[in-house]
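Inspection log for the structure reproduced underneath, given as structure tokens.
Below you can see the structure in the form of structure tokens.
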């Protein structure tokens, strides 16, 4: 039994060694990282764990599960960058163990190890695990639900299939209270397409489907139901309206500033998911006779395309939205390399060349960043027209030149990895590539990102930190930001303060008692009145 868990323990230890160091070396980034951390901080400060808040007013954009986990992390590690990002590392390690066990179950232990190495050895998945945003946890829940739904369909043991149906329902319920019903939408679209491709044959027994629905409903209603009973339907109405704004891209709404062309996510995945975005293409041109246990490869293809097409159609395009494809895409890349490893496939020359070129391109970018930064006054600032960006770039940041070492080391390791791929030694390739990406991420976290952050938000963060424990009002003018809430450690307003009275006066003028009674237009007017009072009447 001890031997059975040796590999999993090794994955946990090595994963922690790679993912935990320098997790708090940069400030949280505006918007999402700071937004979520601030909501958790206010949750801890007020003791209200059932309604998210920002600026101590209801925040309807997200359900609370992630904030519960983040609050617990902050309770242990403090209300800081490490505490905010640790939940994703924890769930990232769980993800690595999960995919290892799935790979081992589907094929063998070697497949599971390759899958782990490719997932952690891919740029964006690795970066997201080290972040403080919701998506890595949300994506794990969706993926787990899909996997156990597949097991529900494919397992002939009725007792086991019922268990899998319940577990699938549990995970999709958790996904719903983590980020919303889009998780259920992704699952339902995937199941529907599989059902169509399966010529409308029954997929699961009615009993199992009802069990799945019941568990999913009970898991999600534990919070949605409680919130509705306690505070009425306001949150649900606002939450649904927010999701519609994201979907339709309503002008001035939640989607403002996030419209991108249809192909946006394809470009993000191609470049951001190096190298799996290239390696997975081997399945498109590969042999068709290869085994597909539980039809899992078909499911992963469906899941990949559902996410890519769905979020390419919707008007709002944010880089996080396509992050759900990282898990199925990493499986497809592993599947192809596994067939190469067994001598059933070959890595085509164009794939080797692309992997090599992409590796060199990333290394070159890492080398050029400090070089350009040192010469920014001559090379970069004259090209920038925006005065706000010019002001940020004019910051005096000390680049020693040593930072190019990160790019040089990464480039050397990428050449070593590519050489293994040219030899068709794919297992060794996955190991060397994972080492290279670890160098990329750790080196960037130590020497590059903290300096880039100085240009992007350094002065704002330092200014807000200097105002902690001071009786002041802070308000961003001309742009949306959450920095002042978290880094100035703002406190709930005293009901006798000038700003509290101004808020009450405005609400009274439109016959409202609380800010959560405002509609979209009224909320905009409410915010404008606060800003005007701070500028002219405080």
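Numbering (our numbering), first residue to last: 45 to 582. For every residue, glycine included, the Cβ atom is placed at its ideal position computed from N, Cα and C. Just so you know, these numbers come straight off a predicted model, no measurement behind them.
TODO: Determine whether the Cβ of residue 388 lies closer than 9 Å to any Cβ atom of chain C.
DONE: As a matter of chain content, chain C is missing from the structure shown, which is built from one protein chain.
Task: Of the listed residues 132, 158, 133 and 130, nearest to residue 143 (C-alpha basis) - done: Within the chain shown, the letter at position 99 stands for residue 143. Selected option, being the one with the closest Cα: 158.
Task: Neighbourhood of residue 499 by C-beta distance below 7 Å, restricted to the same chain and skipping five residues each side - done: Mapped onto the chain shown, residue 499 falls at position 455. Taken in chain order, the residues that qualify are 436, 437, 439 and 441.
Task: Residues sharing a beta bridge with residue 431, DSSP - done: Locating residue 431 in the chain shown gives position 387, where the first residue counts as 1. By DSSP's assignment, residue 431 forms no beta bridge with any residue.
Task: C-alpha gap between residue 130 and residue 245, whole angstroms - done: Residue numbering aside, residue 130 sits at position 86 when the chain shown is read from its first letter. Residue numbering aside, residue 245 sits at position 201 when the chain shown is read from its first letter. Those two C-alpha atoms are separated by around 44 Å.
Task: Three-state secondary structure assigned by DSSP to residue 319 - done: The residue you call residue 319 lines up with position 275 of the chain shown. Here residue 319 sits in coil by DSSP.
TODO: Evaluate contact between the region 117-130 and the region 63-81, counting only Cβ atoms and requiring at least three cross-stretch pairs below 8 Å.
DONE: Yes, since at least three Cβ pairs between the region 117-130 and the region 63-81 fall closer than 8 Å, the two stretches touch.
Open item on the list: In whole angstroms, give me the CA-to-CA distance for residue 352 and residue 369.
Closed with: Counted from its first residue, the chain shown places residue 352 at position 308. Counted from its first residue, the chain shown places residue 369 at position 325. For residue 352 and residue 369, the distance between alpha carbons rounds to 7 Å.
Open item on the list: Distance check for residue 313 and residue 208, CA to CA, integer angstroms please.
Closed with: Within the chain shown, numbered from 1, the residue matching residue 208 stands at position 164. Within the chain shown, numbered from 1, the residue matching residue 313 stands at position 269. If you take the alpha carbons of residue 208 and residue 313, they lie about 31 Å apart.
Open item on the list: By the three-class DSSP mapping on this structure, what secondary structure does residue 426 have?
Closed with: Along the chain shown, read from residue 1 onward, the residue named residue 426 stands at position 382. Helix at residue 426.
TODO: Return helix, strand or coil for residue 167, following the three-state DSSP convention.
DONE: Here residue 167 corresponds to residue number 123 of the chain shown, with the count starting at 1. Here residue 167 sits in helix by DSSP.
Task: Beta-carbon gap between residue 597 and residue 478 smaller than 9 Å - done: With the chain covering 45 to 582 only, the question about residue 597 has no answer from this structure.
Task: Sequence-distant residues of its chain with Cβ nearer than 8 Å to residue 141 (five each side left out) - done: Position 97 of the chain shown holds residue 141. The beta carbon of residue 141 is closer than 8 Å to those of 52, 55 and 56 in its chain, skipping five residues each way along the sequence.
Open item on the list: Determine whether the beta carbon atoms of residue 222 and residue 288 lie at a separation below 9 Å.
Closed with: As a first step, residue 222 is located in the chain shown; it is residue number 178 there, counting from the start. As a first step, residue 288 is located in the chain shown; it is residue number 244 there, counting from the start. For the 9 Å CB-CB criterion, residue 222 and residue 288 do not form a contact.
- [ ] Given a cut-off of 9 Å, decide if residue 453 and residue 400 are closer than it, judged by their beta-carbon atoms.
- [x] In the chain shown, counting from the first residue as 1, residue 400 sits at position 356. In the chain shown, counting from the first residue as 1, residue 453 sits at position 409. The answer is no: Cβ separation not under 9 Å.
Task: For residue 101: DSSP bridge partner residues - done: The sequence position of residue 101 within the chain shown is 57, counting from 1. In the DSSP output, where bridge partners are listed per residue, residue 101 has 98.
- [ ] Return the CA-CA distance between residue 506 and residue 317, expressed in angstroms with no decimal places.
- [x] Position 462 of the chain shown, counting from 1, holds the residue named residue 506. Position 273 of the chain shown, counting from 1, holds the residue named residue 317. Whole-angstrom Cα-Cα distance: 33 Å.
Task: Span separating the alpha-carbon of residue 363 from that of residue 540 - done: Walking along the chain shown from the start, residue 363 turns up at place 319. Walking along the chain shown from the start, residue 540 turns up at place 496. For residue 363 and residue 540, the gap between their C-alpha atoms comes out near 43 Å.
Task: CA-to-CA distance, residue 409 to residue 481, given in whole angstroms - done: One-based indexing of the chain shown puts residue 481 at position 437. One-based indexing of the chain shown puts residue 409 at position 365. Spanning the two alpha carbons is a distance of roughly 14 Å.
Task: Stretch pair the region 320-328 + the region 377-389: three plus CB contacts closer than 8 Å - done: Here the region 320-328 lies against the region 377-389, with 3 or more beta-carbon pairs under 8 Å apart.
TODO: Give every residue of the same chain whose Cβ lies closer than 8 Å to the Cβ of residue 94, excluding the five residues on either side of it in the sequence, and list them in chain order.
DONE: As a working mapping, residue 94 is identified with position 50 in the chain shown. Correct list, in chain order: 108, 267, 270, 271 and 274.
- [ ] Assign residue 62 to one of two classes, buried (16 or more other C-beta atoms within 10 Å of its C-beta) or exposed (fewer than that).
- [x] What you label residue 62 is simply residue 18 of the chain shown in a count that begins at 1. Buried, by the Cβ-count rule.
Open item on the list: Going by C-alpha to C-alpha distance, which of 64, 260 and 99 sits closest to residue 80?
Closed with: For the purposes of this step, residue 80 is taken as the residue at position 36 of the chain shown. With distances taken between Cα atoms, residue 80 lies closest to 99.
TODO: Reducing DSSP to helix, strand and coil, say where residue 360 ends up.
DONE: Stepping through the chain shown from its first residue, residue 360 is reached at position 316. Correct three-state label for residue 360: strand.
Task: First through last residue of the alpha helix (DSSP H) which encompasses residue 90 - done: Translated into positions along the chain shown, residue 90 becomes position 46. Annotation for residue 90: the continuous alpha helix (DSSP H) segment containing it runs 76-90.
Open item on the list: Any heavy atom of the ligand MN inside 8 Å of the beta-carbon of residue 78?
Closed with: As far as ligands go, the structure on display features none, and thus does not contain the ligand MN.
Task: With 16 other Cβ atoms within 10 Å as the buried cut-off, status of residue 548 - done: Against the chain shown, residue 548 aligns to sequence position 504. Classification for residue 548: exposed.
Open item on the list: I'd like to know if the region 389-405 and the region 341-359 are in contact, where contact means that at least 3 CB-CB pairs between them fall below 8 Å.
Closed with: Fewer than three pairs of CB atoms, one per stretch, sit closer than 8 Å, so the region 389-405 makes no contact with the region 341-359.
Task: Cα-Cα separation, residue 305 to residue 545 - done: Looking up residue 305 in the chain shown gives position 261. Looking up residue 545 in the chain shown gives position 501. In a straight line, the C-alpha of residue 305 is about 45 Å away from that of residue 545.
Open item on the list: In chain order, what are the residue ranges of uninterrupted alpha helix (DSSP H) at least 4 long that sit wholly in the region 430-475?
Closed with: If only complete runs of 4 or more residues are kept, the region 430-475 shows the alpha helix (DSSP H) at 431-437 and 448-466, in order along the chain.
Open item on the list: Along the chain, where does the alpha helix (DSSP H) containing residue 118 start, and where does it finish?
Closed with: Indexing the chain shown from 1 puts residue 118 at position 74. That run of the alpha helix (DSSP H) goes 109-121.
Task: Nearest to residue 97 (by Cα), restricted to the options 417, 575, 574 and 526 - done: Translated into positions along the chain shown, residue 97 becomes position 53. Put simply, of 417, 575, 574 and 526 the residue whose alpha carbon is nearest the alpha carbon of residue 97 is 526.
- [ ] Please determine if the region 512-529 and the region 194-214 are in contact, where contact requires at least 3 C-beta pairs separated by less than 8 Å.
- [x] Inter-segment contact for the region 512-529 and the region 194-214 is absent: fewer than three beta-carbon pairs are separated by less than 8 Å.
Task: Spatial distance of residue 390 from residue 214 (CA atoms) - done: Translated into positions along the chain shown, residue 390 becomes position 346. Translated into positions along the chain shown, residue 214 becomes position 170. Roughly 40 Å separates the two Cα atoms.
Task: Contacting residues, own chain, Cβ-Cβ under 6 Å from residue 85 (five flanking each side not counted) - done: Reading the chain shown from its first residue, position 41 is the one you call residue 85. Correct list, in chain order: 123.
Task: Limits of the alpha helix (DSSP H) - the one that residue 268 falls within - done: Within the chain shown, numbered from 1, the residue matching residue 268 stands at position 224. In this chain, the alpha helix (DSSP H) harbouring residue 268 covers 250-275.
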